[in-house]
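Asks: Just so we're aligned: the sequence shown equals residues 2 to 276 in the numbering used here.
The structure's right below; bear with me while I get my questions together.
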Amino acid sequence: MNTPLTDDTKAVILLCGVLGKERAPKPLSQTEYNGLARWLNSKKMRPEDLLHAGNAHLAATSTGIEDGRLQDLLGRGVQLGFAVEEWQRNGIWVISRSDRDYPERYKRRLKTQSPPLIFGVGDRTGLHGGGLAIVGSRRVDAEGASFAREAARLTVQHGMPVVSGGARGVDESAMTAALDAGGTAIGVLADNLLKKSLDRHGRHAIAEGRLLLLSPYHPNAHFTVGAAMGRNKLIYAMADYGLVVSAEHKKGGTWAGAMEELKCYVLRNSRDIVP
2 MNTPLTDDTK AVILLCGVLG KERAPKPLSQ TEYNGLARWL NSKKMRPEDL
52 LHAGNAHLAA TSTGIEDGRL QDLLGRGVQL GFAVEEWQRN GIWVISRSDR
102 DYPERYKRRL KTQSPPLIFG VGDRTGLHGG GLAIVGSRRV DAEGASFARE
152 AARLTVQHGM PVVSGGARGV DESAMTAALD AGGTAIGVLA DNLLKKSLDR
202 HGRHAIAEGR LLLLSPYHPN AHFTVGAAMG RNKLIYAMAD YGLVVSAEHK
252 KGGTWAGAME ELKCYVLRNS RDIVP
């Protein structure tokens with residue numbers, strides 16, 4: 002059964018979401034939305050209040066966002082209806098920072114960097130997170146992949162979920178091993194949430210409540226390096242601990258994400274272990 006969207010989330014999707022193939026008007030960036038959210042908070046208002054006449058004009062005047070752009074974004078009700086129908090038909094739900102279900106971990110750890118919207122497939126109770134984040138290179142060698150799988154098996158044996166990014170290589174090895182061992186996995190994706198949620202192995206685990214897939218991006222979004230870098234912090238913030246497997250020293254998104262988010266990490270490659 003699909004959970005109805007809150008009016009707050011409808012407003013945030015209209016403001017920040019990509020709806021259909023049209024790219025105009027341009028959705029608000031996270032920086033723009035954060036400024037708008039601060040203004041709403043100062044006025045003791047919520048995103049849904051922008052759906053009422055007059056409030057959007059006042060918000061535009063006060064935040065520097067072009068009035069016509071804001072009105073056009075909020076006027077995409079028909080496009081929103083079609084998009085929500087497609088998402089729900091495929092088992093995709095969406096929540097905003099204003100919703101009670103929104104991960105408290107993100108608000109607490111990321112603050113204004115927490116994404117305005119999260120799209121997901123699977124049991125929302127998994128949004129409390131925890132467990133071990135296992136991430137690493139897409140071009141992992143056999144030894145590194147084996148290490149990631151064993152770490153995932155040990156994690157679920159201790160009753161903790163495995164959190165990863167769903168990419169090929171280390172991420173995929175760890176998540177598959179966790180599910181094969183009867184455990185739980187949380188995948189924070191940078192692209193193609195809809196496509197990846199339809200994977201046969203994944204659908205079975207989703208139905209059993211053992212796999213939760215999340216993304217701050219549109220369910221049909223294609224891969225970009227920027228999106229992958231942006232979601233790295235979401236992986237680490239969802240977990241209690243982090244393990245980085247087979248990453249190049251001081252190179253690539255895996256290393257950069259770990260340096261940005263983890264206070265204590267371990268990097269394992271084919272030659273040594275670097276603390």
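For glycine and all other residues, C-beta sits at the position ideal for the given N, C-alpha and C.
Just mark alanine 84 as buried or exposed, buried being the case when its beta carbon has 16 or more other beta carbons within 10 Å.
Replies: So alanine 84 ends up on the buried side.
Asks: Hey, is the stretch 117-124 in contact with the stretch 89-97, meaning 3+ C-beta pairs nearer than 8 Å?
Replies: Yes, the stretch 117-124 touches the stretch 89-97.
Asks: Please report how far the alpha carbon of glutamate 49 lies from the alpha carbon of histidine 58, in whole angstroms.
Replies: So the alpha carbons of these two residues sit roughly 14 Å apart.
Asks: Let me know if threonine 225 comes out buried or exposed under the rule of 16 or more other beta-carbons within 10 Å of its beta-carbon.
Replies: Exposed, because fewer than 16 other Cβ atoms sit within 10 Å of the Cβ of threonine 225.
Asks: Going by DSSP, what residues sit across from isoleucine 93 in a beta bridge?
Replies: Bridge partners of isoleucine 93: none, in fact.
Asks: When you compare the CB of alanine 153 with every CB in chain B, is at least one pair closer than 8 Å?
Replies: No chain B is part of this structure, which consists of one protein chain only.
Asks: Please state whether DSSP places phenylalanine 148 in a helix, a strand or coil.
Replies: Correct three-state label for phenylalanine 148: helix.
Asks: Say whether the stretch 159-167 touches the stretch 181-190, bearing in mind that this needs 3 or more beta-carbon pairs closer than 8 Å, one atom from each stretch.
Replies: Touching, yes, given that three or more Cβ pairs across the two stretches are closer than 8 Å.
Asks: Going by DSSP, what residues sit across from lysine 165 in a beta bridge?
Replies: Just to set this straight, residue 165 is serine in the shown sequence, not lysine. Beta-bridge pairing links serine 165 to Gly188.
Asks: Tell me whether the stretch 200-208 and the stretch 220-239 touch, counting them as touching only if at least three CB pairs, one residue from each stretch, are closer than 8 Å.
Replies: Judged by Cβ distances under 8 Å, the stretch 200-208 makes no contact with the stretch 220-239, as fewer than three pairs qualify.
Asks: What do you get for valine 79, buried or exposed, if any count of 16 or more other CB atoms within 10 angstroms of its CB means buried?
Replies: Exposed, by the Cβ-count rule.
Asks: What does DSSP give as the partner residue(s) for serine 216 in the beta ladder?
Replies: DSSP, once it has assigned bridges, lists Phe120 as partnering serine 216.
Asks: From the DSSP output, in three-state form, read off glutamate 209 for me.
Replies: Looking at glutamate 209 - three-state DSSP - the assignment turns out to be coil, as it is neither helix nor strand.
Asks: Nearest by alpha-carbon distance to tryptophan 88: which of Lys108, Tyr218, Thr62 and Ser247 is it?
Replies: The candidate whose alpha carbon is nearest that of tryptophan 88 is Tyr218.
Asks: Pairs of beta-carbons, one from the stretch 209-216 and one from the stretch 137-150, closer than 8 Å: are there three or more?
Replies: Touching, no, given that fewer than three Cβ pairs across the two stretches are closer than 8 Å.
Asks: Can you give the Cα-Cα distance for leucine 29 and serine 147, rounded to whole angstroms?
Replies: When rounded, the distance between both Cα atoms is 42 Å.
Asks: Which value, in whole angstroms, describes the spacing of the CA atoms of aspartate 192 and glutamate 209?
Replies: The alpha-carbon atoms of aspartate 192 and glutamate 209 are separated by roughly 23 Å.
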